[in-house]
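Quick note: the sequence shown uses UniProt numbering, first residue 1, plus one each step. Beta carbons are placed, not taken as given, at the ideal position from N, Cα and C, and that holds for glycine. The block underneath contains the structure these notes are about, expressed in structure tokens.
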Amino acid sequence: MTTTLNLDRHPCFNVEVKGKCGRVHLPVAPQCNIKCNYCNRKYDCVNESRPGVTSAVLSPVQAVEYMEKVLEKEPRITVAGIAGPGDPFANAFETVETMRLIREKFPEMLLCLATNGLNLAPYVDELARIGVSHVTVTVNAVDPEIGQKIYSWVRDGKVIYRGLRAAELLLERQLEAIKALKAKGMVVKVNTIVMPGINDHHIEEVAKKMAEIEVDVLNCMPLYPNADTVFESVHEPSREQMVEIRKKAEEYLPQMRHCTRCRADAVGLLGEDKSDAFRGCLSACAT
Ligand code: SF4
Ligand code: SF4
């Protein structure tokens, strides 16, 4: 299915179209299966690391109704994505069903997901069948010794892992999932949150490993410090530090430099978020 779609219309993956193609995030995934030390679940996810409450959570059917309304007012939307407010595959049924319904109703729409990757691999075949073309996985470390500082716990089914084993399991699953996505020909972006004193010395290693497994683009994102989190006192990296980190990482992978750290219910062009204007519409669809 993806072969018939024009994949160049995704503004996050193609900076050239960011002024004419927009995206909508459908907030259908409220649960999460890991605990990142920078995340405050009173806010939304996310994988994209930007605090701000999502104003509502939608069911898959409600997401389609919302999509219809959004397109009436904002026809420049070319991408329907799911980016929380938790993790799409901690809410796998809702995520897959939403993608399926959107594909059925809007065959031209690019489908996109952003996930921590823990529970992604079992769904890759189905996502490919539906025609999901773009997937973002947040990989903050490729060394579990570092990863264990970033994650408080990882939940696999009914088992909760902590410490080194949690970080090892998450990394194993992320690598497995990314390889499976690439084997299906999907476009894969990795988001890496840069946390000073935690993983800022390790980003080049992440870039190198992601290049080895054929990731398409790396998005190094500065930590957005959140109150009431383990990392609340970790400061945001400076602009100069980010420039330096991206320059080094670019030796291995193309860099995304126009990310606007969107909410889980973002809508519109990047940098011209209309989630405020669509709040009423979103809430009406959720009831
Ligand atoms: Fe929060 Fe997203 Fe991490 Fe889950 S994956 S803990 S929602 S930042
Ligand atoms: Fe694109 Fe960044 Fe927004 Fe995700 S957070 S939709 S990558 S601009």
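Assuming residue i is part of the beta strand (DSSP E), what are its boundary residues?
i, result
"M221", "217 to 222"
"residue 290", "For residue 290 there is no data in the structure shown, the boundaries of the chain being 1 and 287."
"S152", "151 to 156"
"L127", "Careful: L127 lies outside any beta strand (DSSP E), inside the alpha helix (DSSP H) at 124 to 130."
"V267", "267 to 269"
"V28", "Here V28 belongs to no beta strand (DSSP E), and DSSP marks it neither H nor E."
"I77", "77 to 82"
Can the beta-carbon of residue i be found less than 8 angstroms from the beta-carbon of residue j?
i, j, result
"S152", "V234", "no"
"V187", "L7", "yes"
"K208", "M256", "no"
"L101", "V79", "no"
"P254", "V206", "no"
"P225", "E236", "yes"
"P27", "V64", "no"
"Q31", "N91", "yes"
"R103", "I130", "yes"
"A264", "A128", "no"
"C259", "C12", "yes"
"Y252", "A211", "yes"
"A180", "N40", "no"
"residue 289", "A249", "Outside the shown range of the chain (1 to 287) lies residue 289, about which nothing can therefore be said."
"H25", "A183", "no"
"L171", "G147", "yes"
Measure how close the beta-carbons of residue i and residue j come, nearest whole angstrom, since I'm counting them as under 8 angstroms.
i, j, result
"G81", "R9", "Incorrect: roughly 13 angstroms between the Cβ atoms, too far for contact."
"Y38", "L223", "6 angstroms"
"P60", "E16", "So it is not a contact: roughly 32 angstroms between Cβ atoms."
"I34", "V154", "5 angstroms"
"L270", "S55", "Wrong, their Cβ atoms sit about 20 angstroms apart, outside the cutoff."
"V132", "M99", "6 angstroms"
"K274", "G268", "4 angstroms"
"C262", "I150", "Not really, about 21 angstroms apart at Cβ, beyond 8 angstroms."
Would you give the residue range spanned by the alpha helix (DSSP H) that residue i belongs to?
i, result
"D101", "Before going further, note that residue 101 is Leu rather than Asp in the sequence given. Residues 92 to 105."
"Y161", "Per DSSP, Y161 belongs to no alpha helix (DSSP H); it is in the beta strand (DSSP E), 159 to 161."
"G280", "279 to 286"
"I193", "From DSSP, I193 is part of no alpha helix (DSSP H) but of the beta strand (DSSP E) over 187 to 194."
"R246", "239 to 249"
"V70", "60 to 73"
Requested in this report: Would you check if there are 3 or more beta carbon pairs closer than 8 angstroms linking the region 196 to 208 to the region 128 to 142?
Outcome: With a cut-off of 8 angstroms, the region 128 to 142 and the region 196 to 208 count as touching, because enough Cβ pairs lie within range.
Report task. Report yes or no: do three or more beta-carbon pairs, one from the region 115 to 134 and one from the region 75 to 89, lie closer than 8 angstroms? Result -> Result yes; three or more Cβ-Cβ pairs closer than 8 angstroms.
Query - Stretch-stretch touch, CB-based, cutoff 8 angstroms, three pairs: the region 164 to 179 with the region 192 to 199 - result: No, the region 164 to 179 does not touch the region 192 to 199.
Report task. Check whether the region 123 to 132 touches the region 61 to 68, counting contact only when three or more Cβ pairs, one atom from each stretch, lie closer than 8 angstroms. Result -> Because the criterion of three Cβ pairs below 8 angstroms is not met, the region 123 to 132 and the region 61 to 68 do not touch.
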